[in-house]
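Engineer: Here the sequence shown is numbered in the numbering used here, starting from 285 and rising by one per residue.
Here a beta-carbon is modelled for each residue, glycine too, at the ideal position from N, C-alpha and C.
These numbers were taken from a predicted model, which means no experiment stands behind them.
The structure's right below; bear with me while I get my questions together.
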Amino acid sequence: MRPPDKNKSFGPMAWTNPRLRSLVYQLGAIAATIAIFTFFALTARANLERQNIASGFGFMNNTAGFGVIQTLIPYSEESSYGRVFLVGLANTLLVAVIGTVFAVALGFVIGVARLSGNWLVSKLAAVYVEVFRNIPLLLQLFFWYFAILRPLPAPRESIVLLPDVFLSNRGVAMPAFHPTDATSLFLIALAVAIVGIIVLRRWARKRRLATGQSFPDGRIALGLLIGLPLLVFFAVGAPAQIEPPVMGKFNFDGGWRLLPEFVALTFGLVVYTAAFIAEIVRSGILSVSKGQTEAAHAIGLNNSQTLRLVVIPQALRVIVPPLTSQILNLTKNSSLAVAIAYPDLVSIFAGTVLNQTGQAIEVIALTMAVYLVISLATSFAMNTYNARVAIVER
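Dropping the structure here:
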């Protein structure tokens, strides 16, 4: 019998091999991708050379020459574009962190309120969700900034919210806290209290699972959180020196001032995102079977204990994945700050710096990289937490 011809393996019949077809398709896709990126790179290089624009990140060391109305780090007009990048990044992270904390907290409250047995509370929560999630975020930012904050009275006629806390068209003026010699001891006491609370709650949970008996860990945790720092206060003095705002010639001097742009952006992001989070929380709670609630009531747990110990822990496995998406959306939506002149990364770096330098590719690439890193870090943290709260099947 004649042996098979090896050359036939590369003939027309070879195309019926799925592994070979897959390899050819992948190589073709890689080649097409490289060709596209090469085309865009060569085109961009030719356009930059024609406009006499030097490529690279050397411009980051040049003097910026413009001021920024909010800086969390030292900055002046003589600072470099690299410093502008850090200022914008810090402002973006500030909005993202504060907005995330308040949006999640408000979303959980509204989500639970939608399931309340009180008709008025339930309907008010439903109205909140339907109103704020169906109006575009940009219009809401315009409303809070131009219709609510800008028409407020001038600083001399400002509204007193709390003692030494004033609201005007220049923002919110509040007392500033400056560190003293006792600050480090106060922070250590606070950290010890937080660690003690974590250890206490874990021990109380293990005890409850082993014996079925509850432990008043909530009240003890509150005592630790207040008692230890208060003990340091009486022992070594105040942990901070308070500087109240004082009315100057045209505006408040001293203290801390929250810009109206910051207040409008943060408040708008919070109320908008919280409406979506509320629906996520509601769906997560409804995913827990009613038998779990009935069983919890049968063993003597009240409604608050049932929600905190039985329903919410099981609902988290449904809540956390879509909650991650909403947190990412809040961070990315903060780029709308440019519409109300808040100096975030997009506004002062991808806007002002880009217009002054013309380094479009470098500036846009850096801005995109920042949001990508923030999103990946947030996703990693939330996925890690999701793995911890997921129910492990036996």
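Can you check the stretch 601-647 for any alpha helix (DSSP H) of at least 4 residues that lies completely inside it and give the ranges in chain order?
Structural biologist: 638-641, all fully within the stretch 601-647.
Engineer: Cβ of A524 within 8 Å of Cβ of T464?
Structural biologist: Closer than 8 Å, so yes.
Engineer: Pick out the complete alpha helix (DSSP H) segments inside the stretch 411-472, 4 residues or longer, and give them in chain order.
Structural biologist: 421-426
Engineer: Going by DSSP in three states, E578 sits in which element: helix, strand or coil?
Structural biologist: Looking at E578 - three-state DSSP - the assignment turns out to be helix.
Engineer: Assuming Y365 contacts F343 under a Cβ cut-off of 8 Å, what Cβ separation, rounded to an integer in Å, is found between them?
Structural biologist: Right, the Cβ-Cβ distance comes to about 6 Å (below 8 Å), so this counts as a contact.
Engineer: So is M285 buried or exposed if we call it buried at 16+ other beta carbons inside 10 Å?
Structural biologist: Its pLDDT being 49, under 50, M285 is placed unreliably by the model, and the measurement read from it follows with that caveat. Exposed, because fewer than 16 other Cβ atoms sit within 10 Å of the Cβ of M285.
Engineer: Leaving out five residues before and five after V547 in sequence, what residues of the same chain have Cβ atoms less than 7 Å from its Cβ?
Structural biologist: L433, G455 and V456
Engineer: Locate the beta strand (DSSP E) running through E527, then write down its first and last residues.
Structural biologist: A524 to E527
Engineer: I need the DSSP call for S400, collapsed to helix, strand or coil.
Structural biologist: coil
Engineer: Give the single residue among S360, T651, V413 and L304 whose Cα lies nearest to the Cα of V393.
Structural biologist: V413
Engineer: In chain order, what residues of the same chain have a beta carbon less than 8 Å from the beta carbon of L484, not counting five sequence neighbours either side?
Structural biologist: Scanning its chain for C-beta atoms nearer than 8 Å, with the 5 sequence neighbours on each side dropped, one finds around L484 the residues D501, I504, A505 and L508, in chain order.
Engineer: Could you give the C-beta distance for L474 and L620, rounded to a whole number, given that I count them as a contact under 8 Å?
Structural biologist: About 35 Å; that fails the 8 Å criterion.
Engineer: Please list the terminal residues of the continuous alpha helix (DSSP H) segment that includes R592.
Structural biologist: If you look at R592, you'll find it isn't in any alpha helix (DSSP H); DSSP assigns it neither H nor E.
Engineer: Short of 7 Å in beta carbon distance, which residues of its chain neighbour N670, apart from the five on each side in sequence? Order them along the chain.
Structural biologist: V604 and P605
Engineer: Give the DSSP-derived three-state secondary structure of S364 in the structure shown.
Structural biologist: strand
Engineer: Given 8 Å as the limit, is there contact between the stretch 530-546 and the stretch 356-365, that is, 3 or more CB pairs closer than that?
Structural biologist: no
Engineer: Around the C-beta of I632, are 16 or more other C-beta atoms found within 10 angstroms, so that it is buried, or is it exposed?
Structural biologist: buried
Engineer: Note down the Cα distance separating R491 from F499, rounded to an integer number of angstroms.
Structural biologist: 8 Å
Engineer: Nearest to F416 by alpha carbon, out of S571, G552, M666 and I648?
Structural biologist: G552
Engineer: Please state if the CB of L612 and the CB of S567 are separated by a distance shorter than 8 Å.
Structural biologist: no
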